[in-house]
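Protein chains in written order, with the numbering used here: chain A, 1494 to 1724; chain B, 1141 to 1417.
Glycine is no exception: its CB is placed at the ideal position from the N, C-alpha and C atoms.
Structure record follows, encoded as structure tokens.
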Amino acid sequence: MSRTKVHAGARIQLRAITDDADGDTLTYNWEVEAGILNPENTSETKWTAPVDMGFTKITLTVDDGINEVAVKSAEVRVIHSLIVAGQEAAGIRLGDEFDRVRTLYGKPDGRNGDWFSYDTGLSGFLDGIGLVDSLFISKPNTAKTADGNGIGSALKRVDGEFGPAEEIKEGGKKHWHWKTGIHFDYDAAFKVTNVHIFKPIGAAPSGFVDAIQQQQVLRNKAALHKYYAEE
Amino acid sequence: MKRNVLSLFSRIRFFDVRGRLLLLPPIADASTTFAPIHSFCEKRSALINLHTRHLLSQIVSILFHLLYADVKFTNRNIAREKFVVNLTNRTENFANRCLYLFGLTRVTYGRQLSINQLKKSWSDKFGKPTLFRFRAVDSGTFALGGLVSMKAIGILSVISIAILACGDDESGLQNSPPVIDHVVLNEPVEPGASVELQVVAHDADGDALSYVWEAKEGKLDSSIGRVVKWTAPTNAKSAIVVVGVNDGVNESAVKSKKISINLENSAPVIKSIVVPD
């Protein structure tokens, strides 16, 4: 049995397709086992999928005020949360209020000024007015990009998805994609250890020039060759 | 059970055998004997003596008439109220051959009271009480009358009329609540049709019952009465009407009735729940 898959923490518009032969006015009542429902007693409602992976059930009751109500459930599989460069990670969007973070994940395990962190491998910075400014995904978080890149992914696969980094620092360990709003940290084996989501910057930050990037690429060429050779 | 002051007035008149009023009733100190008695129910008994001090050489009918005025009950729970009238013949020099006819010939209490027995003749045994019981059914003024026909040879006849056990007896406080047997109507009802709803209820005490209807669905033309008209809704397959029956004493009996409506309407169908990937 195939079930609809949703990403953990994703904002989803649920929609019911119903029919009433008599054209009676129907009332809708949505219920979910997990996640956050914005109660709208209409045929469509907004649901934030739970942050925990697994199966969950959505139940809809439809009443025409005359007959027995109709009830239908849909079982949904919650899979890993998404990383979208420059936009979101693990169900949190850049620009979200911190309240949403707290609603989804609870009280942060770490908090220091504008910085918050969870032991699940989600952390981030808030801007001056308490909105999420940037996000970090690290071990053991399972959030993945559209192509399935996340913690532990190989540099080659990441580059396959995002293209070559616009800036590489710290001996090839930090790969910045300024224009897409994502940056990856790699370990010695060129596996992702940290993903950083930030608002895209149209041009490289001051001081950054393409030449430097080229030099950095060249500087790390040996390591990269070694890495690709192992593939 | 509490009562307000109950006043008791009595009148006595004497008639000859042909029913003619004796203008000079052979009775002494009637005023003192028959002075109003207040609150006798609180004393739980009252004794009224009919003294006839005259020698009676002929058959004389004594019509006595006890008038109870303004019997007011603060508690309306009196359907089983019992008054026991204890009539005792204490006539001295009583001759066996004399004829006594005694009966509570007329007892009115707003409407006729029920009397458990109507004594046509009275015990001729000296001092033996004869009991008459009647039931009060409502507050109001009532009268208790009796007729004694007697021929006494003697100098003093005393007929004691004692009113005992006014009110609370073992069942005096009990009043049964009404019971709703059923709600009658022709089912199923067509949508929008106007139908007659009838409640069948009974009350063990025969209390007057009042009826109140309520309908969330549909429309009642009146909310009171044993029979009401109700218009069925056009958008429901069933409706509930509730009727309450009250006996003025107890809590209302309530019955709800689910009425089937002959509405053809299909149930909604949920074809699918769309959860975008």
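Could you spell out the range, first to last residue, of the alpha helix (DSSP H) harbouring residue i?
i, result
"A:E1663", "Neither: A:E1663 is in no alpha helix (DSSP H) and is coded neither H nor E."
"A:L1648", "1648-1655"
"B:V1329", "No alpha helix (DSSP H) holds B:V1329; DSSP gives it neither H nor E."
"A:T1596", "1591-1598"
Roughly how many angstroms separate the alpha carbons of residue i and residue j, rounded to a whole number?
i, j, result
"B:P1269", "B:H1342", "For B:P1269, the pLDDT reaches just 44, beneath the cut-off of 50, and the residue's location in the model is therefore unreliable, although a value from the coordinates is still provided. Cα to Cα, the separation comes out at about 37 angstroms."
"A:A1647", "A:I1576", "16 angstroms"
"A:A1563", "A:T1511", "10 angstroms"
"A:A1636", "A:L1553", "29 angstroms"
"B:L1356", "B:V1367", "Correcting the residue type first, residue 1356 of chain B is Lys in the shown sequence and not Leu. The straight-line gap from Cα to Cα measures roughly 18 angstroms."
"A:L1628", "A:F1591", "12 angstroms"
"A:A1578", "B:V1409", "41 angstroms"
"A:S1566", "A:K1692", "39 angstroms"
"B:S1185", "B:L1349", "Confidence is the limiting factor: at B:S1185 the pLDDT is only 36, short of 50, which leaves the residue's position unreliable and the question unanswerable from this model."
"A:L1519", "B:K1395", "31 angstroms"
"B:N1326", "A:T1497", "51 angstroms"
"A:T1613", "B:E1354", "59 angstroms"
"A:I1505", "A:W1540", "5 angstroms"
"A:K1461", "A:E1524", "Residue numbering for chain A in the displayed model covers 1494 to 1724; residue 1461 of chain A lies beyond these limits and cannot be assessed."
"A:H1689", "A:V1555", "44 angstroms"
"A:D1545", "A:D1652", "29 angstroms"
"A:D1515", "B:E1404", "9 angstroms"
"B:V1102", "B:S1400", "Absent from the structure is residue 1102 of chain B, since the part of chain B shown begins at 1141 and ends at 1417."
"A:H1573", "A:S1631", "14 angstroms"
"A:R1593", "B:N1390", "58 angstroms"
"A:G1603", "A:D1557", "50 angstroms"
"B:K1359", "B:V1340", "21 angstroms"
"A:N1634", "A:T1549", "20 angstroms"
"B:S1363", "B:T1374", "20 angstroms"
"A:F1609", "A:K1600", "9 angstroms"
"A:T1535", "B:V1383", "36 angstroms"
"B:V1414", "A:A1501", "17 angstroms"
"A:R1508", "A:H1670", "37 angstroms"
"A:D1678", "A:T1538", "38 angstroms"
"B:S1406", "A:N1522", "19 angstroms"
"A:L1598", "A:A1583", "One point to set straight first is that residue 1598 of chain A is Tyr, not Leu, in the sequence displayed. Roughly 10 angstroms separates the two Cα atoms."
"A:I1694", "A:L1619", "18 angstroms"
"A:T1638", "A:F1655", "10 angstroms"
Quickly, what does DSSP pair residue i with across the bridge? List them, please.
i, result
"B:T1371", "B:S1334, B:K1359"
"B:N1315", "Looking at the DSSP assignment, B:N1315 forms no beta bridge with any residue, so it has no partner."
"A:K1684", "A:A1647"
"A:I1529", "A:T1541"
"A:S1631", "A:N1687"
"B:V1340", "B:H1322"
"A:K1565", "A:L1553"
"A:L1624", "A:E1590"
"B:E1354", "B:V1382"
"A:A1582", "A:I1576, A:I1585"
"B:I1364", "B:V1352"
"A:N1534", "According to DSSP, A:N1534 bridges with nothing at all."
"A:T1518", "Answer is none; A:T1518 lacks a bridge partner."
Hey, quick one: how far does the beta strand (DSSP E) through residue i stretch, first residue to last?
i, result
"A:L1575", "Premise fails: A:L1575 is in no beta strand (DSSP E) and is neither H nor E."
"A:G1547", "1547-1556"
"A:I1510", "1504-1512"
"A:K1667", "1667-1670"
"B:A1393", "1393-1400"
"A:R1496", "Neither: A:R1496 is in no beta strand (DSSP E) and is coded neither H nor E."
"A:G1603", "1603-1605"
"A:E1537", "1537-1541"
"A:S1610", "1608-1611"
"B:V1385", "1378-1386"
"B:D1347", "Unbroken run through B:D1347: none, as it is neither H nor E."
"A:G1617", "1615-1619"
"A:D1678", "1675-1679"
"B:I1410", "1409-1414"
Is there at least one Cβ from chain C nearer than 8 angstroms to residue i's Cβ?
i, result
"B:A1407", "Considering every chain present, this structure includes no chain C. Its protein chains are A and B."
Does any heavy atom of the ligand FMN sit closer than 7 angstroms to the C-beta of residue i?
i, result
"A:P1532", "The ligand FMN is absent from the structure shown, which contains no ligand whatsoever."
Inset, instruction - Could you please tell me which residues of the region 1500-1533 of chain A, in chain order, have their CB closer than 8 angstroms to any CB of chain B? - result: Cβ contacts with chain B: I1505, Q1506, L1507, R1508, A1509, I1510, T1511, D1512, D1513, A1514, D1515, D1517, L1519.
Inset, instruction - Would you list, in chain order, the members of the region 1370-1395 of chain B that have their beta-carbon closer than 7 angstroms to a beta-carbon of chain A? - result: Residues passing the 7 angstroms Cβ filter: N1375, A1376, K1377.
Legend entry - Against chain B: residues of the region 1546-1572 of chain A by CB proximity under 7 angstroms: Correct list: I1551, L1553, V1555, D1557, G1558, I1559, N1560, E1561, A1563, K1565, A1567, V1569.
Legend entry - Short-range partners of chain B found in the region 1627-1640 of chain A, where Cβ spacing is below 7 angstroms: Those would be none; no residue qualifies.
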